[in-house]
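This note's numbering applies: residue 639 is where the sequence shown begins, and numbers increase by one.
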Amino acid sequence: MTPSWNRWDSRAMKLPAFLLLFALACAVAAPNKPAGKTPAPASRLYGAVSSADHFSGDRLFAVLDSVGGTGTWMEWDVNGVRDPSVMLSLDPLLKQKNKPEMVWVLSERAKPLLAVLVPKGAGEVLLFYELAALDAKPVKLSMNRVLSPSVVFRDYQQVGNGEFVHLDKPSLKVTANDKYMRFSYNKPDNTPLRFDTDFSKKSFPEKRAEIRDYMDFLRYEYSLMLRAFVQSTRGLFNWQPWHWYMTEWNADAFISEKEIEAILAKGVKPDMFTVFKKKTDSGSVVEMRTSGNGFYEMTISNP
Numbered sequence: 639m640t641p642s643w644n645r646w647d648s649r650a651m652k653l654p655a656f657l658l659l660f661a662l663a664c665a666v667a668a669p670n671k672p673a674g675k676t677p678a679p680a681s682r683l684y685g686a687v688s689s690a691d692h693f694s695g696d697r698l699f700a701v702l703d704s705v706g707g708t709g710t711w712m713e714w715d716v717n718g719v720r721d722p723s724v725m726l727s728l729d730p731l732l733k734q735k736n737k738p739e740m741v742w743v744l745s746e747r748a749k750p751l752l753a754v755l756v757p758k759g760a761g762e763v764l765l766f767y768e769l770a771a772l773d774a775k776p777v778k779l780s781m782n783r784v785l786s787p788s789v790v791f792r793d794y795q796q797v798g799n800g801e802f803v804h805l806d807k808p809s810l811k812v813t814a815n816d817k818y819m820r821f822s823y824n825k826p827d828n829t830p831l832r833f834d835t836d837f838s839k840k841s842f843p844e845k846r847a848e849i850r851d852y853m854d855f856l857r858y859e860y861s862l863m864l865r866a867f868v869q870s871t872r873g874l875f876n877w878q879p880w881h882w883y884m885t886e887w888n889a890d891a892f893i894s895e896k897e898i899e900a901i902l903a904k905g906v907k908p909d910m911f912t913v914f915k916k917k918t919d920s921g922s923v924v925e926m927r928t929s930g931n932g933f934y935e936m937t938i939s940n941p
């Protein structure tokens, strides 16, 4: 995990009234609670790292990186869907006087890890739990009520009326009004995306291989957009960051092999590939697109 996308220190900033109106116009998503009599999967304490004082940002990320390796730690949202396995470990901590300050989940391993930063005397302790699985049942995508607007764009600087720029990634920008939000990220690729104009002349096995290559490429592009757009903000959606990666959650919104085949069959590279498109329960449309050569955008259109 790199601090570029998910800073742990909150920064206050003033958001314009139109952003509040946009969020309040959308449906409020209630947290998903574990089923009444169904036992949650077991979890176990994996390890703990204490600090006599508050962790510095550098040391905190160094500890997370040392445990998570090359995986990406994703911040848990208290207002988002709640995985029973996560809550099994987190609930007792939330009931304590010294409640958790930050919570992260890492899903890129056989058994996911939960990291919880808790006050301890004059310092802090970082607790790690190994989970059996991330087990929330898929629910419809919703826009959350923005309870604390300064948290939504805490890693951005407001540079104009409805314009925001990421503090660490100047090419990551947001524009917003009462009808839509548009995220854009530009990281030009010097190697043009290969696009075979003779796709229709290929044999069936060759076509299948080409489609699989494109699907793998677009999955990678999607993961980059999730890190840039979804994981650089907080509190916009009811899905937790890791839910966006799960096939059972995104399958009906992710580009299909048939759609890829239709694009390739035309023999003309499109300006943009729509990788993800989904309507929320309030009628807003969330769409993620990539040029395939380093330009990405996510739009949230309000009905």
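All residues carry an ideal CB built from backbone N, CA and C; glycine is no exception. A quick note: this is a predicted structure, and the numbers were derived from the prediction, not measured.
Measure the beta-carbon distance from residue i to residue j and round it to whole angstroms, keeping in mind my assumption that it falls under 8 Å.
i	j	result
E746	R682	The Cβ separation is near 19 Å, so there is no contact.
V754	L731	6 Å
N799	G873	Actually they are not in contact, since the Cβ atoms of N799 and G873 sit about 22 Å apart, beyond 8 Å.
E848	D834	7 Å
N888	W882	6 Å
R865	T708	R865 to T708, Cβ: 13 Å. No contact.
Among the options, which has the Cα closest to the Cα of residue i?
i	options	result
D806	K778, F791 and S939	F791
P908	A866, G930, T937 and V923	G930
A770	H881, G685 and K749	K749
Y860	R846, W880 and E848	W880
V924	S780, A686 and L902	S780
Y818	V777, D696, G921 and A700	G921
F766	V724, Q734 and R850	V724
Using DSSP with H/G/I as helix, E/B as strand and the rest coil, what is residue i?
i	result
N824	strand
A663	Because the pLDDT of A663 is 37, which lies under 50, any placement of that residue in the model is unreliable, and the number read from its coordinates should be weighed accordingly. Coil at A663, not helix or strand.
W880	helix
R682	strand
G798	strand
R927	strand
S939	strand
P669	Any answer about P669 is weak, because its pLDDT of 41 lies below 50 and its placement is not dependable; what the coordinates show is given next. It is coil, neither helix nor strand.
G932	coil
S838	helix
P730	helix
A760	coil
K807	coil
K845	helix
M712	strand
E791	In the sequence on display, residue 791 carries Phe and not Glu. F791: coil per DSSP, three-state reduction.
L779	coil
If you check the beta carbons only, do residue i and residue j fall under 8 Å apart?
i	j	result
L856	F911	yes
D691	A760	yes
Q878	D715	yes
S689	E762	yes
V719	V777	yes
Excluding the 5 residues flanking residue i on each side, which residues of the same chain have their C-beta closer than 8 Å to its C-beta?
i	result
K811	E801, F802, V803, H804, F821, S822 and Y823
K915	A891, V923, V924, E925 and M926
For residue i, collect the residues of the same chain with a Cβ closer than 6 Å to its Cβ; drop the 5 residues on either side in sequence, then sort them by chain order.
i	result
F867	F821 and M936
V687	V701 and L764
S838	A903
Y852	I898
G932	K825, P826 and D827
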